[in-house]
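Engineer:
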Amino acid sequence: GWVKPRLLLSHGAHHPSDVATQGLGKSWRLSPPFLVAFTHSSFFPFRKHALNCHRMKPALFSVLCEIKEKTVLSIRGIQEEDPPDAQLMRLDNMLLAEGVSGPEKRGRGGPMAVAATSGGCPNDNSIEHSDYRAKLSQIRQIYHSELEKYEQACSEFTTHVMNLLREQSRTRPISPKEIERMVNIIHGKFSTIQMQLKQSTCEAVMILRSRFLDARRKRRNFSKQATEVLNEYFYSHLSNPYPSEEAKEELAKKGGITVSQVSNWFGNKRIRYKKNMGKFQEEANIYAAKTAVDATNVVAQGNQANSPSTPNSGEWEPVKRPDGFFCL
DNA sequence: TAGTATGATTTAAC
DNA sequence: GTTAAATCATACTA
Numbered sequence: 001g002w003v004k005p006r007l008l009l010s011h012g013a014h015h016p017s018d019v020a021t022q023g024l025g026k027s028w029r030l031s032p033p034f035l036v037a038f039t040h041s042s043f044f045p046f047r048k049h050a051l052n053c054h055r056m057k058p059a060l061f062s063v064l065c066e067i068k069e070k071t072v073l074s075i076r077g078i079q080e081e082d083p084p085d086a087q088l089m090r091l092d093n094m095l096l097a098e099g100v101s102g103p104e105k106r107g108r109g110g111p112m113a114v115a116a117t118s119g120g121c122p123n124d125n126s127i128e129h130s131d132y133r134a135k136l137s138q139i140r141q142i143y144h145s146e147l148e149k150y151e152q153a154c155s156e157f158t159t160h161v162m163n164l165l166r167e168q169s170r171t172r173p174i175s176p177k178e179i180e181r182m183v184n185i186i187h188g189k190f191s192t193i194q195m196q197l198k199q200s201t202c203e204a205v206m207i208l209r210s211r212f213l214d215a216r217r218k219r220r221n222f223s224k225q226a227t228e229v230l231n232e233y234f235y236s237h238l239s240n241p242y243p244s245e246e247a248k249e250e251l252a253k254k255g256g257i258t259v260s261q262v263s264n265w266f267g268n269k270r271i272r273y274k275k276n277m278g279k280f281q282e283e284a285n286i287y288a289a290k291t292a293v294d295a296t297n298v299v300a301q302g303n304q305a306n307s308p309s310t311p312n313s314g315e316w317e318p319v320k321r322p323d324g325f326f327c328l
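Take the first sequence: its letter number 233 is residue 233 in the UniProt record's numbering, and every next letter is one higher.
1. Rounded to a whole number of angstroms, what is the C-alpha to C-alpha distance between T227 and I271?
2. Would you kindly report the start and end of the unbroken alpha helix (DSSP H) that includes N264?
3. Under the three-state reduction of DSSP, which class applies to L230: helix, strand or coil?
4. The alpha helix (DSSP H) that contains D85, what's its start and end?
5. Are the beta-carbon atoms belonging to V161 and I186 less than 8 Å from one another?
6. Taking the beta carbon of K198 as the centre, do at least 16 other beta carbons fall within 10 Å, making it buried, or is it exposed?
7. For S137, name the three-state secondary structure that DSSP assigns.
8. Would DSSP call N240 helix, strand or coil?
9. Given this structure, state the Cα-to-Cα distance separating R219 from Q261, to the nearest angstrom.
10. Might you give, ordered along the chain, the residues of its own chain that have their beta carbon closer than 8 Å to the beta carbon of A252, omitting 5 neighbours on each side?
11. Checking 8 Å against the spacing of the C-beta atoms, do F235 and A295 come in under that value?
12. Taking only three categories from DSSP, how would you classify S101?
13. Taking all protein chains shown into account, decide if N264 is buried (16 or more other Cβ within 10 angstroms of its Cβ) or exposed.
14. Please state the DSSP three-state secondary structure of M56.
15. Taking just the CA atoms, how far does C154 sit from I67?
16. DSSP three-state call for I174: helix, strand or coil?
17. Go ahead and pull the three-state DSSP assignment for N93.
18. Alpha helix (DSSP H) containing G256: first to last residue?
19. With F280 and G255 assumed to form a contact (beta carbons below 8 Å), what rounded beta-carbon distance in angstroms separates them?
20. Identify which residue in C202, M277, N231 has its Cα closest to the Cα of L96.
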């Protein structure tokens, strides 16, 4: 199921101010002792106002910022910059291809189109198709809702931290650059969360897809209409039951199945008929009689008989395999 | 529930 | 590419 990505803040930070002090704390702790003295908690309640109004404050503040900046840069210099995230790009591409992100796909596309044309029973496939689409739409909805939530949370959190730091910058050496860096850190954290969301979404789509494709493999008997059409052709072309590509297309159209299903059916039928002609004799008689009745009706209507291109003259003479194996 | 029917897949030959 | 043949997996039926 769905695993809602959690807000991942490093070192157990649970509040914006924690992050603020955490981010700054490292460099702050590296500052010389005399600087720490100015910021000691017992110092503030009594001296805060005096400190802010002190004539040396601006000068001292800029020095503090400079020292801090150098310290931070020396630490950051050790750390490697993140490489461009290829995985994020892959996730984005997949979500776009699956129709989760970007404009919603309408009509036939992706695996749905395959199933909609390959199954034996079009109605059932329509149900599966709409089921797939409904579930994909659900995933899409959850994805966008979560994404929006995270973006809003990120924006609110950033504003909150920025305000907090601006407020603190009146009494602590926090430069605008530092605030910018903090904003970048927050955005980085939220990007990680977004990536987790994208990953979960991709997993959900893959699971849905595999389930759908498994369902597609389920065998369904052809409709009576399809079986009728196929059998009629088979028994009326018993001498050469190898429909041409055009004939296959026609049969597929009439039976509401695919051309490859027609090919499969004829492959199965030929081998099974050959193996046990006796079993199919009754069926053959029924279709022979049916064909005869149809032909009589056509003649009775005064039209030219629409007889099969290869009449049932008795022998199977496969053009490609003239081994007499299919003789009646 | 076992046996049978049937659509799909795989393999090998052409 | 098509096809036969074997096989698989599932649907159907008594």
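Yeah, the Cβ is synthetic: ideal placement off N, Cα and C, and Gly gets one too.
Structural biologist: If we stick to the structure as given:
1. 17 Å
2. 259-275
3. helix
4. Careful: D85 lies outside any alpha helix (DSSP H) and carries neither H nor E.
5. yes
6. buried
7. helix
8. coil
9. 12 Å
10. T258, V259, Q261, V262
11. Sequence inspection shows Tyr at residue 235; the Phe mentioned does not correspond to that position. Result no, Cβ atoms of Y235 and A295 do not sit closer than 8 Å.
12. coil
13. exposed
14. coil
15. 30 Å
16. coil
17. helix
18. No alpha helix (DSSP H) holds G256; DSSP gives it neither H nor E.
19. Contact doesn't hold; Cβ gap of about 19 Å is too wide.
20. C202
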